[in-house]
């Protein structure tokens, strides 16, 4: 998977959904790997803002992804929306 930028919960959820599908995992099977319920995986992919950081980190780990924090680029949120 190539590097992707997410500035909103929904953008991050879309990235996680694509990574899960690329790994050929269902929401339920990803949940089994992480100890999360399928509904929690669904809420994470939907970009619901009340997801705990630990839940996000467990999903990223199961999908072999990592979170990178860096200075924000000058692209606007509208420019990023075109990617999704």
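In this note's numbering, the protein residues as written are 2 to 85. The beta carbon of each residue, even a glycine, is placed where N, CA and C say it ideally should be.
Item to complete: Apply the 10 Å Cβ neighbour rule to residue 28 and answer buried if 16 or more other Cβ atoms are within range, or exposed otherwise.
Response: buried
Worksheet entry | Enclosing alpha helix (DSSP H) for residue 98 [first to last residue] | Residue 98 lies beyond the stretch modelled for the chain, which goes from 2 to 85, so this question has no answer here.
Worksheet entry | Short Cβ contact (7 Å threshold) for residue 20 with residue 64 | yes
Practice prompt. For residue 7, name the three-state secondary structure that DSSP assigns.
Written response: coil
Item to complete: Give every residue of the same chain whose Cβ lies closer than 6 Å to the Cβ of residue 39, excluding the five residues on either side of it in the sequence, and list them in chain order.
Response: 28, 29 and 32
Discussion item. So, for residue 5: in the same chain, excluding its five sequence neighbours on each side, which residues have a beta-carbon less than 7 Å away from its beta-carbon?
Written reply: 16
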